[in-house]
Amino acid sequence: MSRTNPRFVARGSGKTTEDYLPGAVGGAAGGFGRADSARTRRRVSQIVLYVLLIIGALIALMPMLWMLSASFMPTGEASTYPPHFIPSRITFSHYADLFTRLNLGRYLFNSALIAVVVTGVSLVINSLAGYAFAKLRFRGRDRAFRILSLGLVLPVQVAMLPLFLLMKNLHLINTYWGVIIPGMASIFGIFLIRQYALSIPDDMLDAARIDGASELRIYWSVVVPGILPILATLAIWTFLATWNDFMWPLIVLSDEAHYTLPVALANLSGEHVQDTELMMAGSVLTVIPVLAVFLFLQRYYIQGVMAGSVKG
Amino acid sequence: MSTTVRPTSRTPSDVGRAAWFFLAPALLLIFVFFFLPVLASLVLSVTDFDIYAIANPPTTRFVGMANYTKLFHSPEFWQALKNTFYFAIVGGPLTIAVSLATALLLNAKLVRFKSFFRTIYFTPFVTTLVAVSIVWRYLYHTRYGVLNYALAHLGIAPIDWLGNPHWAMPAIILMSVWKNFGYNMLIFIAGLQAIPQDLYDAAEIDGAGPVRRFFAVTLPLLGPTLLFVSVITMIGYFQLFSEPYVMTQGGPLRATTSVVLMMYEEGFRWWRMGYAASIAFVLFVVILIATLIQFRIQKEHV
Chain A
3 MSRTNPRFVA RGSGKTTEDY LPGAVGGAAG GFGRADSART RRRVSQIVLY
53 VLLIIGALIA LMPMLWMLSA SFMPTGEAST YPPHFIPSRI TFSHYADLFT
103 RLNLGRYLFN SALIAVVVTG VSLVINSLAG YAFAKLRFRG RDRAFRILSL
153 GLVLPVQVAM LPLFLLMKNL HLINTYWGVI IPGMASIFGI FLIRQYALSI
203 PDDMLDAARI DGASELRIYW SVVVPGILPI LATLAIWTFL ATWNDFMWPL
253 IVLSDEAHYT LPVALANLSG EHVQDTELMM AGSVLTVIPV LAVFLFLQRY
303 YIQGVMAGSV KG
Chain B
4 MSTTVRPTSR TPSDVGRAAW FFLAPALLLI FVFFFLPVLA SLVLSVTDFD
54 IYAIANPPTT RFVGMANYTK LFHSPEFWQA LKNTFYFAIV GGPLTIAVSL
104 ATALLLNAKL VRFKSFFRTI YFTPFVTTLV AVSIVWRYLY HTRYGVLNYA
154 LAHLGIAPID WLGNPHWAMP AIILMSVWKN FGYNMLIFIA GLQAIPQDLY
204 DAAEIDGAGP VRRFFAVTLP LLGPTLLFVS VITMIGYFQL FSEPYVMTQG
254 GPLRATTSVV LMMYEEGFRW WRMGYAASIA FVLFVVILIA TLIQFRIQKE
304 HV
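Sequence order for the protein chains is A and B.
In case it helps, our numbering puts the first sequence at residues 3 to 314.
In case it helps, our numbering puts the second sequence at residues 4 to 305.
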C-alpha cells in the first residue's frame, strides 16, 4: 500500500501532510469531501490538545502564582473565604519585615555563598575525575569506576548519622564547611562528565602530548574547552541542588547565623504559621533565585537531564 | 597501547600517575564523606550509641542485633514503613502516569509551542521543596485553601487535608506528583523521540488506532526509559522527608511519618544514633530490594 493513502494524510504530522497532500487530493480515491472532514477532525483534535495543555499549565503554575500574589496582600487577606487571587492593595511590608526583623538577608547570603562555593569547587573536582575516567589509561581504572558506581544505589541518608559524628570531630558542625565539604565531589557529576568526555578524540590529546604539554595543561586548554556544555549543565544542576537542599543543612547547622534559606524558612513557618502573607513572601525569595537560574539557562539544564538519563 | 609509537618521553605510567592525581580529590572526598560513613552506619547500628556517647564515646557498647530486634517490635517503625510504602507505591506510579501523559501530549505532532509548555511543566521540579511545601500547606487549608474552594464548585464538602489521618498522605502525594512529574516527563520525551516514525506508519497502515499504537509500539519501545524512570522515582520516593517535616511534622497520628523522618527524629532529636542507624540500614535494604524487583519485572516483560 502506498504512503499517499488519505488515511495516513488525515492523521499525519503537519510536515508529512504538506509533503503528501498533493498526491492525496489529486490521486487517491477519497476526493475533496474526505479531505475536508479530515481537516475538521484534525482541527478538533488540535483544539482538544491545546485545552488539555493549557489546563495542565494552569495547574503547574497556580501554586506559584498564588504564592506571588499572596506575598503582596495586606495581612490577613490570604486567609479569607472565598480566597482572594489578586491583592486588593499591593504592599511590600512583608518583604520589608523579612529583611529588617527576620534577618532574611543573612540567610540569602548564606545560601548564595554555600551554593556558589559548592558549584565552583565541585566543577573542578568532578571534571578532573570524570576526564581521568574517560580518557586516561591507568591500572585499576575499571575497578575504581565499578566501586564508585555502587555508590549510586546508596541513599545519602544512610551516611548522615556517622557523617554528623565525623563533622563533629572535625569541628565543622555549625560552619559553612560542614555543608560545603560533602558537596564538593559527586558520583553523579563524575558520571555526567565522563560520559561527555568519552567523545574527545584521543588524537587531540596525543597531539598535545607530542607538543610537550603537561597533563594538567592538556586538561585545562584542551579538555575543558571541549566539555564546556556539560560543565554548564553540571554547574546549574549543582547550584539548584545545593540551594534547594534541606535535610543535611538542617542537621549540620543548628545556629541561626549559619542557616540556609530552606532551613530558615522551615523554622519560620513553625513560629509564623498564621502569617500566611509573610510566609509567602519568604517562599518567593527562596524560589526566585533558582527560577531565574533555570529560566535563563534552561537550555543547558534540560539537555543535561536528557543526556544524563538516557545514557544512564 | 605501546609506548614505542609515541615520539615522546611520556610513558603510560606517567599518564597513570597523572590520572590518579586527577582522581585523588574526588575519590578521597567521596570515600571519607560518603563510603566511610555508610560503612560506619552499619557498625553504629550494632551499638547503643546515644546522647551520652556523643559527649563520651568510650561509653558505647556493642549490642549485637538489639537495635534491629527493637525496631522490628516497634509499632512506630512498622507504621513508618507502611507510610513510606504507601507514598512510594501510590505516588510513584501516579507521578509516572502523569509524566507519561504530559510527554505524549507534548510529543503530539499537532502541537506547537512545545518548548513553552515544556518549560512551564518543568518549573515545579526546580523550585525549592521546603518553599513549595509551605505554599501547599496553605493551598490545603480547610477553610481558606484554594483547593477546597475549587472542590466546593464541584459540590464537594471541605476536606481537612492535612489534619485528617486518611487525607494527609494523599495530600502529600498530590503535591509530590505536581512537584516531580516534570523531570520524568523530560526523560519520556527523549525516549519518545527515539522511537522511529516508520513503526507508527506501519502500525497505522495495518489499521491500528491511536490506543492500539500506544500499546503496540510506544509502550514496548519505551521499556528501558520506563525502567529508568521507575527506579529513580522509587528511590527518591522511599527517601520522603522534607514534605512531612514541613507540612505535617509526621502527623496527624503519625500518618505521614516516613522512615527517613523517623530516622531523623530518633537520631537527631533524641540522639539515639545506634537505633537510628539501624533504621537507615533497613531503608537501604528496602530501596535495594525495590530496585532489584523492578529490574526483574522488566526482564520478564522484554
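Even for Gly, the Cβ is constructed at its ideal location relative to N, Cα and C.
For the segment 114-126 of chain A and the segment 238-255 of chain A, state whether three or more C-beta atom pairs, one from each stretch, are separated by less than 8 Å. yes
Using DSSP with H/G/I as helix, E/B as strand and the rest coil, what is THR309 of chain B? No answer is possible for residue 309 of chain B: it lies beyond the span of chain B, which begins at 4 and ends at 305.
Using the C-alpha atoms, what's the distance from ILE195 of chain A back to LEU172 of chain A? 31 Å
Is any heavy atom of the ligand COA found at a distance shorter than 7 Å from the C-beta of ALA21 of chain B? Annotation note on the ligand COA: not contained in the displayed structure, which lists no ligands.
Apart from the five residues on each side of it in sequence, which residues of its chain come closer than 7 Å, Cβ to Cβ, to ILE99 of chain B? ASN187, VAL232, SER233 and THR236
Under 7 Å, CB to CB, which of the residues in the segment 159-178 of chain A have a partner in chain B? GLN159, VAL160, ALA161, LEU163, PRO164, LEU165 and LEU168
If you compare alpha carbons, which of A:GLY191, A:MET169 and A:PRO84 is closest to TYR147 of chain B? A:PRO84
Check PHE231 of chain B in the structure and name its three-state DSSP category. helix
Option in A:PRO76, A:THR177 and A:PHE193 with minimal Cα separation from ILE127 of chain A: A:PHE193
GLN82 of chain B and THR251 of chain B look like a contact to me (Cβ under 8 Å); what is the Cβ gap, rounded to whole Å? With a Cβ gap of about 14 Å, GLN82 of chain B and THR251 of chain B do not count as contacting.
Unbroken stretches of the alpha helix (DSSP H), 4 residues or longer, contained in the segment 208-267 of chain A: 217-220, 230-246 and 249-254
State the DSSP-derived secondary structure class of PHE241 of chain B, mapped to helix, strand or coil. helix
Whole-Å CB distance - PRO65 of chain A paired with LEU142 of chain B, under 8 Å assumed: 6 Å
PHE94 of chain A, DSSP secondary structure in three states: coil
Nonlocal neighbours in the same chain, by C-beta distance under 8 Å from PHE166 of chain A, ignoring five residues either side: ILE175, ILE253 and VAL254
Going by DSSP, what residue range makes up the alpha helix (DSSP H) through TYR198 of chain A? 189-199
First through last residue of the alpha helix (DSSP H) which encompasses ARG215 of chain B: First-last of the alpha helix (DSSP H) with ARG215 of chain B: 213-216.
Is DSSP giving PHE74 of chain A helix, strand or coil here? coil
Please report whether the beta-carbon of ILE33 of chain B lies at a distance below 8 Å from any beta-carbon of chain A. ILE33 of chain B has a beta carbon lying within less than 8 Å of a beta carbon in chain A.
Check whether the segment 268-277 of chain A and the segment 157-166 of chain B touch, using three or more Cβ-Cβ pairs below 8 Å as the test. no
When the Cα of PHE238 of chain A is compared with those of A:GLY214, A:LEU299 and A:ALA59, which residue comes out closest? Per the sequence shown, residue 238 of chain A should be read as Ile rather than Phe. Minimum Cα distance to ILE238 of chain A is reached at A:LEU299.
Pairwise C-alpha distance: PHE74 of chain A and GLY194 of chain B: 42 Å
Cβ-based contacts, 7 Å cut-off: residues of the segment 114-128 of chain A near chain B: ILE127 and ASN128
Using a C-beta to C-beta distance shorter than 7 Å, which residues of chain B count as neighbours of LYS69 of chain A? According to the sequence provided, residue 69 of chain A is Met. The question's Lys does not apply to it. The contacting residues are VAL138.
So, does the segment 62-74 of chain B touch the segment 34-52 of chain B, judging by three or more C-beta pairs under 8 Å? Contact holds: three or more Cβ-Cβ distances are below 8 Å.
Between which two residues does the alpha helix (DSSP H) carrying TYR109 of chain A extend? 106-137
Chain B partners of GLY228 of chain A, CB-CB under 8 Å? Within 8 Å Cβ-Cβ: nothing; GLY228 of chain A doesn't reach chain B, min ~15 Å.
So with CB distances below 8 Å, who are the chain B contacts of GLU79 of chain A? Close to GLU79 of chain A, with beta-carbon spacing below 8 Å, lies no residue of chain B; the smallest spacing is near 10 Å.
Looking at LEU202 of chain B: is its Cβ nearer than 8 Å to the Cβ of ALA131 of chain A? no
Interfacial residues, the segment 272-297 of chain B to chain A, with Cβ spacing under 8 Å: Against chain A - using a Cβ distance shorter than 8 Å - the residues of the segment 272-297 of chain B are MET276, ALA279, ALA280, ALA283, PHE284, LEU286, PHE287, ILE290, LEU291 and THR294.
For ALA58 of chain B, count neighbouring Cβ atoms within 10 angstroms of its own Cβ and tell me buried if that reaches 16, exposed if not. exposed
Give me, in chain order, the residues of the same chain whose beta-carbon lies closer than 7 Å to that of ALA279 of chain B; leave out the 5 immediate sequence neighbours on both sides. The answer, listed in chain order, is MET266, GLU269 and GLY270.
Which bits of chain B does GLN300 of chain A rub up against, with CB to CB less than 8 Å? THR122 and PHE125
Need the endpoints of the alpha helix (DSSP H) that ASN110 of chain B sits in, please. 95-110
The segment 199-215 of chain B contacting the segment 121-135 of chain B, beta-carbon criterion three pairs below 8 Å: Touching, no, given that fewer than three Cβ pairs across the two stretches are closer than 8 Å.
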